[in-house]
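J.: First, the structure itself, so that you have it in front of you.
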Amino acid sequence: MNQEASRCLLCKKPKCSEACPVHTDVPEAMRLYREGNLTDAAKLLFENNPLSAITSQVCDWQLFCKGHCVLNARKMPVRWYEVEQEISMAYLLDAHVEIDVPDNGKKVAVIGAGPCGIAASIWLRKKGISVTLFDSFDRVGGVLRYGIPEFRLDKKYVDAYERILQEIGVVFVGKSTLGKEITIESLRKEFDAILVAAGAWVAKEMRIPGEDLPGVIHALEFLKEPSSYELGKRVIVIGGGNVAMDACRTAIRRGCDTTVVYRKTFENMPANHLEVEEAQAEGVKFRVFEVPVEVRKDGDRTFAILRDCENVEENGKVATRVIDGTDHELDFDTMIVAVSEKADKSILDGYDHEDNPDIFKAGDYFYGPRTVVEAVQSAKLAVADMISYLQV
Ligand SMILES: Cc1cc2nc3c(=O)[nH]c(=O)nc-3n(C[C@H](O)[C@H](O)[C@H](O)COP(=O)(O)OP(=O)(O)OC[C@H]3O[C@@H](n4cnc5c(N)ncnc54)[C@H](O)[C@@H]3O)c2cc1C
């Protein structure tokens, strides 16, 4: 048994559950685990969060569970996620979802087969609703398959969802993009409701001269199929979020001399801090308080003009300011841009939920880039709304 389970105080008002976006019932799962009842513990977790086997691996535990454990007061918080991994990862690979209600004739189209679309499809099927799941990619998984690298998430866990969805009768239609092969109007002819869970796949630009030069690529494109890129020797990654960390850690695994350039401090980095530490341990260099203001090519040489930044207090808040007159150059073979992503709102142009009650939005598509566990919680809320709309 994992020693972490025996240290859990089984709090009556568990702060870890409170802080978790899907409010995992940690004490009850811990209790079942301690009794050796791993299957019931796994079922409890799966029913509340079908992505438990994934979120237990990729969540920012400091933010969502471990960081809120009462034993932080004694500097020895329980690592609940280790127990959750043990319970859920093995279970998922062999899990079979029961649909114990007959089909009720209602049909839903889910757009986007990322964690949000996967969780929503499972919950909708469990209500006896027929589900067709569309995605631009030809496989299920969204960011789990086409973003997060294999060294952080073994794809056998993503494959398991493909199998489960097939077993419960979800029809997956790959290579189908809303706005291209399919439209809202074509879907409306066949489906009673539509859930758009298309994620946030539009890379934000740096808006600096030269960013379209060869050698400058976007992290989301790179991470889809890293092996298809010739990176050269020197790689610089622009940004300080999860995407930047996955990009730099992938580049260093390719043997590149890899440097992350971030305009604020380490403390300001939105990335999971554990990942930043791991990137550093793997040899990635970090240059903080620097920002690219231009990319230039001069013969064989490609380089970024970087400018220094500093934190200043403005109206009682800390703001980051670029310092004029501090320009300096940094040569690179590949610059990977990971400054942020956003949803492609144009795919729902003119179709808001207020005037179109059959259209629902969830996950990163709705909120902008967040996390896997928040995408699952968002799916839960959207499915509840859909069920009440469909009156099933
Ligand atoms: C590189 C990277 C690393 C990350 N690391 C972490 C992490 O460690 N921990 C964590 O919790 N979160 C992480 N995140 C964030 C997390 O992955 C997302 O918040 C989560 O995947 C959102 O789920 P989703 O289902 O809403 O969207 P997605 O996972 O983005 O899935 C959306 C799906 O919709 C499809 N789609 C898009 N447009 C269309 C269209 N027009 N028609 C049809 N299909 C379409 C896409 O192909 C995709 O498969 C990371 C994100 C990235 C990009």
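Residues 5 to 396 (the working numbering) make up the sequence shown, in order. Backbone N, C-alpha and C define an ideal beta-carbon position, used for all residues, glycine too. Here the structure is a predicted model, which means the values were calculated and not measured.
1) Looking at C-alpha atoms only, which residue of 59, 25, 82 is the closest neighbour of residue 96?
2) Does the count of Cβ pairs from the segment 377-395 and the segment 38-56 closer than 8 Å reach three?
3) Please state if the CB of residue 372 and the CB of residue 119 are separated by a distance shorter than 9 Å.
4) Could you check the C-alpha separation between residue 179 and residue 284 for me, to the nearest Å?
5) For residue 295, report the span of its beta strand (DSSP E) as first-last.
6) Please confirm whether residue 53 has its beta-carbon closer than 9 Å to some beta-carbon of chain B.
7) On the three-state DSSP scale, how would you describe residue 322?
8) Mind the definition here: the segment 340-347 touches the segment 226-241 only if three or more C-beta pairs lie below 8 Å; say whether that holds.
9) Does the beta-carbon distance from residue 293 to residue 262 come in below 9 Å?
10) By DSSP's criteria, residue 197 is part of a beta bridge. Which residues make up the other side?
11) Going by the CB atoms, is the gap between residue 168 and residue 126 shorter than 9 Å?
12) Hey, how far is the Cα of residue 290 from the Cα of residue 264?
13) Using the beta-carbon count (16 or more within 10 Å), is residue 306 buried or exposed?
14) When we look at the beta-carbon of residue 345 and count the other beta-carbons within 10 Å, is it buried (16 or more) or exposed?
15) What is the DSSP secondary structure of residue 226, counted as helix, strand or coil?
16) So residue 186 packs on residue 129, CB below 8 Å; how close in whole Å?
17) Please look up how many angstroms separate the CB atoms of residue 164 and residue 145, rounded, as I've assumed it's under 8 Å.
18) From the DSSP output, read off the bridge partner residues of residue 20.
19) Among residues of its own chain, excluding the 5 on either side of residue 322, which ones have a beta-carbon nearer than 7 Å to its beta-carbon?
20) Once the 5 residues before and after residue 18 are set aside, which same chain residues still bring their CB inside 6 Å of it?
21) Looking only at its chain, what residues have a beta carbon closer than 6 Å to the beta carbon of residue 93, apart from the 5 residues adjacent to it on each side?
22) Looking at the structure shown, is residue 100 part of a helix, part of a strand, or coil, going by DSSP?
23) What are the residues that DSSP puts in a beta bridge with residue 332?
24) Classify residue 327: buried if its beta carbon has 16 or more other beta carbons within 10 angstroms, exposed otherwise.
25) Figure out for me which residue from 82, 353, 277 has the closest Cα to the Cα of residue 62.
26) Expressed to the nearest angstrom, what Euclidean distance is found between the alpha-carbon atoms of residue 348 and residue 73?
27) Taking the C-alpha atoms as reference points, what is the distance between residue 105 and residue 396?
28) Who does residue 261 pair with in a DSSP beta bridge?
29) With hydrogens ignored, establish whether the beta-carbon of residue 205 is closer than 8 Å to any heavy atom of ligand 1.
30) Quick check for students: name the residue ranges of the alpha helix (DSSP H) that lie wholly in the segment 363-396, counting only runs of 4 or more.
31) Assuming residue 8 contacts residue 114 (C-beta within less than 8 Å), just tell me the rounded distance between them.
32) Quick check: does the Cβ of residue 246 come within less than 8 Å of any heavy atom belonging to ligand 1?
33) What are the partner residues of residue 42, as DSSP defines its beta bridges?
34) Just confirm the distance between the C-beta atoms of residue 123 and residue 394, as a whole number of angstroms; I'd bet it's less than 8 Å.
35) Counting only runs that start and end within the segment 160-217, where is the alpha helix (DSSP H) found for 4 or more residues in a row?
36) Nearest-angstrom Cα distance between residue 301 and residue 217?
T.: The answer reads as follows:
1) It is 59.
2) Yes, the segment 377-395 touches the segment 38-56.
3) Going by C-beta atoms, residue 119 is not nearer than 9 Å to residue 372.
4) Cα to Cα, the separation comes out at about 37 Å.
5) DSSP places residue 295 in the uninterrupted beta strand (DSSP E) bounded by 294-302.
6) Looking at the structure shown, chain B is missing, and only one protein chain is on hand.
7) Here residue 322 sits in strand by DSSP.
8) With a cut-off of 8 Å, the segment 226-241 and the segment 340-347 count as touching, because enough Cβ pairs lie within range.
9) Against a cut-off of 9 Å, the Cβ pair of residue 262 and residue 293 comes out as no contact.
10) Beta-bridge partners assigned by DSSP to residue 197: 112.
11) In this structure, residue 168 lies closer than 9 Å to residue 126 by Cβ.
12) In a straight line, the C-alpha of residue 290 is about 5 Å away from that of residue 264.
13) Flag for residue 306 reads buried.
14) Classification of residue 345: buried, given that the 10 Å Cβ count is 16 or more.
15) Three-state result, residue 226: helix.
16) Actually they do not touch by this definition, with Cβ atoms about 20 Å apart.
17) Cβ-Cβ separation between residue 164 and residue 145: approximately 10 Å, too far for a contact (criterion under 8 Å).
18) According to DSSP, residue 20 bridges with nothing at all.
19) Result list for residue 322: 315, in chain order.
20) If we look at residue 18 and ignore the five residues flanking it on each side, its Cβ neighbours are 30, 31.
21) In its chain, beyond the 5 residues on either side, 57 have a beta carbon closer than 6 Å to the beta carbon of residue 93.
22) In this structure, residue 100 counts as coil in the three-state DSSP scheme.
23) DSSP output for residue 332 lists 310 as bridge partner(s).
24) That one is exposed.
25) Across the set 82, 353, 277, the C-alpha of 277 shows the shortest separation from the C-alpha of residue 62.
26) Distance between the alpha carbons of residue 348 and residue 73: 37 Å.
27) Roughly 11 Å between the two C-alpha positions.
28) 238, per the DSSP bridge assignment.
29) Yes, the beta carbon of residue 205 sits closer than 8 Å to at least one heavy atom of ligand 1.
30) If one requires a minimum length of 4 residues, the alpha helix (DSSP H) runs lying completely within the segment 363-396 are 368-371, 376-394, in chain order.
31) Contact flag wrong, Cβ pair sits at about 36 Å.
32) Yes, ligand 1 has a heavy atom inside 8 Å of this Cβ.
33) Residue 42 is not bridged to any residue.
34) Beta-carbon to beta-carbon, residue 123 and residue 394 are separated by about 18 Å, too far to satisfy the 8 Å threshold.
35) The qualifying runs are 160-171, 188-192.
36) For residue 301 and residue 217, the distance between alpha carbons rounds to 8 Å.
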